[in-house]
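Accompanying notes for the structure given below.
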Amino acid sequence: ASNFNEEANVDDGSCAGYPDNGDYSLSFDGVDDYININKPISLAAGNSASFAFWFNTSVVGEEGIFLSNDTQPSNPDFKIQMEFDGNISVKGKYNNNDETKVTTSEPLNDGLFHQVVGITTGTSCVKLYIDGENIGEDCHGGANYESGDDYYIGRERLSGEYQRGYIGFISQFSIYNRVLSENEILNIYNANILPEAGIIASYNFNAGSGTTLYDHSGNQNHGTIHGNPDWVLINNYGCSSDSNACNYEEG
C-alpha cells in the first residue's frame, strides 16, 4: 500500500493494507528460526480456537513444532507438531503428565504442501484436520491449555531454551476464536477462502522480506521473525514453482 507505515500502531482510518509482494512461505532451519506472535488468544478452559496453516517438509527423524505456547515443562499448553516419525499431532496438555492428543496414522514428511487445522473446543477436546479431512477427535481430562505465555511458530521454548525447531516451510497461517466447521475447513483447503467470523490473526506471508509477519485480520497481532528464515516465493495454495518441491501439476 502506498500509505503503509510499519511503525504505525493505531488505525486512524487511512490504512489500506500491508506489503503484498507475492505469495511467500518462510523456510525454517530448525536451529534458531521462529516467529513470536505474542498472545493473540487465550486457551483457558471454555475458550475454543482453530489454527489453520500450510506446511511442507521432507525432514526425517526430527520433531518439529508448528505452533506452541509452551514455556515450562509443567505448564498447561497447546501445540501442533510433527513427530519423529513424520506424523502430525495436535496436543492439549492440561497438567504436567497428561494430554489430549490426535495424531495422523501416516507420515506427512513427503516434500508436499499439506494444510493443517488444529482445534481446541474449550471443553477438553482437540481435533485435527489434514488437507480438509477429519483425522479425529480426543476428549478427556482438563480443558485449560493456557499459561499466559507467548505463542511461537516454528519452535517452542522450554525452561528458557528454544527447542524442537521445525525444518521446512510454513505459509498462510490463520487463528480463530471458535471451532471452524468442516465446510469452512474445506473452503480454506480447496480455495483459500478464510472465514471472517471470529478471526484473530491472518498471516498471509506476502511481505516477502523483513522481520515482521503482518497480521491482515485488522487486529494488529503482528509477529516478530527471529533467526534468519528464508522467504520463498510459492504458487497458489502453497505450491512452489519448482516441480520437484511439492504437489506440482504441469499446466
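So this note's numbering is basically just the index in the sequence shown, starting at one, shifted up by 103. Every residue, glycine too, gets a C-beta built ideally from N, C-alpha and C.
Take Leu297 and list the residues in its own chain whose beta-carbon comes closer than 7 Å to its own, dropping the five residues that flank it on each side.
Indexing the sequence shown from 1 puts residue 297 at position 194. Correct list, in chain order: Ser277, Ile291 and Ser305.
Can you grab the Cα-Cα spacing for the pair Thr174 / Glu259, in whole Å?
Working through the sequence shown from its first residue, we reach residue 174 at position 71. Working through the sequence shown from its first residue, we reach residue 259 at position 156. Roughly 7 Å separates the two Cα atoms.
Whole angstroms is fine: what's the gap from Tyr232's alpha carbon to Gly239's?
Counting from one through the sequence shown, the residue named residue 232 turns up at place 129. Counting from one through the sequence shown, the residue named residue 239 turns up at place 136. Roughly 7 Å separates the two Cα atoms.
Reduced DSSP category for Glu287 - H, G, I as helix; E, B as strand; rest coil:
As a working note, residue 287 is residue 184 in the sequence shown. Here Glu287 sits in helix by DSSP.
Inspect the beta-carbon positions of Pro143 and Asn324 and report whether they are closer than 8 Å.
Position 40 of the sequence shown, counted from the start, is the residue given in the question as residue 143. Position 221 of the sequence shown, counted from the start, is the residue given in the question as residue 324. Contact flag set, yes.
Would you identify the three-state DSSP class for Tyr246, choosing helix, strand or coil?
Locating residue 246 in the sequence shown gives position 143, counting from the first residue. It is worth fixing the name first, because residue 246 is Ala in this sequence and not Tyr. Of the three classes helix, strand and coil, the one that applies to Ala246 here is coil, per DSSP.
Within 8 Å of any Cβ in chain D, is that where the Cβ of Asp252 sits?
No chain D appears in the structure shown, which is made up of a single protein chain.
Tell me whether Asn293 sits in a helix, a strand or coil according to DSSP, three-state version.
Your numbering for residue 293 matches position 190 in the sequence shown. Helix.
So what's His319 in DSSP terms, helix, strand or just coil?
As a first step, residue 319 is located in the sequence shown; it is residue number 216 there, counting from the start. In the three-state reduction of the DSSP assignment, His319 falls in the coil class.
With Thr206 and Ser192 assumed to form a contact (beta carbons below 8 Å), what rounded beta-carbon distance in angstroms separates them?
As a working mapping, residue 206 is identified with position 103 in the sequence shown. As a working mapping, residue 192 is identified with position 89 in the sequence shown. Indeed, because the Cβ distance is near 4 Å, the residues count as touching under 8 Å.
Quick one: measure Cβ to Cβ for Tyr248 and Gly257, integer angstroms, because I've assumed they're closer than 8 Å.
Here the question's residue 248 lines up with position 145 in the sequence shown. Here the question's residue 257 lines up with position 154 in the sequence shown. Contact doesn't hold; Cβ gap of about 19 Å is too wide.
Asn350 by DSSP, collapsed to three states: which one?
Within the sequence shown, residue 350 is the residue found at index 247, counting from 1. Below a pLDDT of 50, predicted positions are generally treated as unreliable, and Asn350, at 45, falls in that range; no measurement from the model is reported.
Under 8 Å, do Ala319 and Asn338 count as touching if we go by C-beta distance?
The sequence position of residue 319 within the sequence shown is 216, counting from 1. The sequence position of residue 338 within the sequence shown is 235, counting from 1. Going by the sequence as given, residue 319 is His instead of Ala. Against a cut-off of 8 Å, the Cβ pair of Asn338 and His319 comes out as no contact.
Collapsed DSSP secondary structure at Tyr340 in the structure displayed
As a first step, residue 340 is located in the sequence shown; it is residue number 237 there, counting from the start. Reliability fails at Tyr340, whose pLDDT of 47 lies under 50, so the model's placement of it is uncertain and the value that follows must be treated cautiously. In the structure shown, Tyr340 sits in a helix (DSSP, three-state: H, G or I).
C-alpha gap between Ile140 and Asp253, whole angstroms:
For this step, residue 140 is matched to residue 37 along the sequence shown. For this step, residue 253 is matched to residue 150 along the sequence shown. When rounded, the distance between both Cα atoms is 7 Å.
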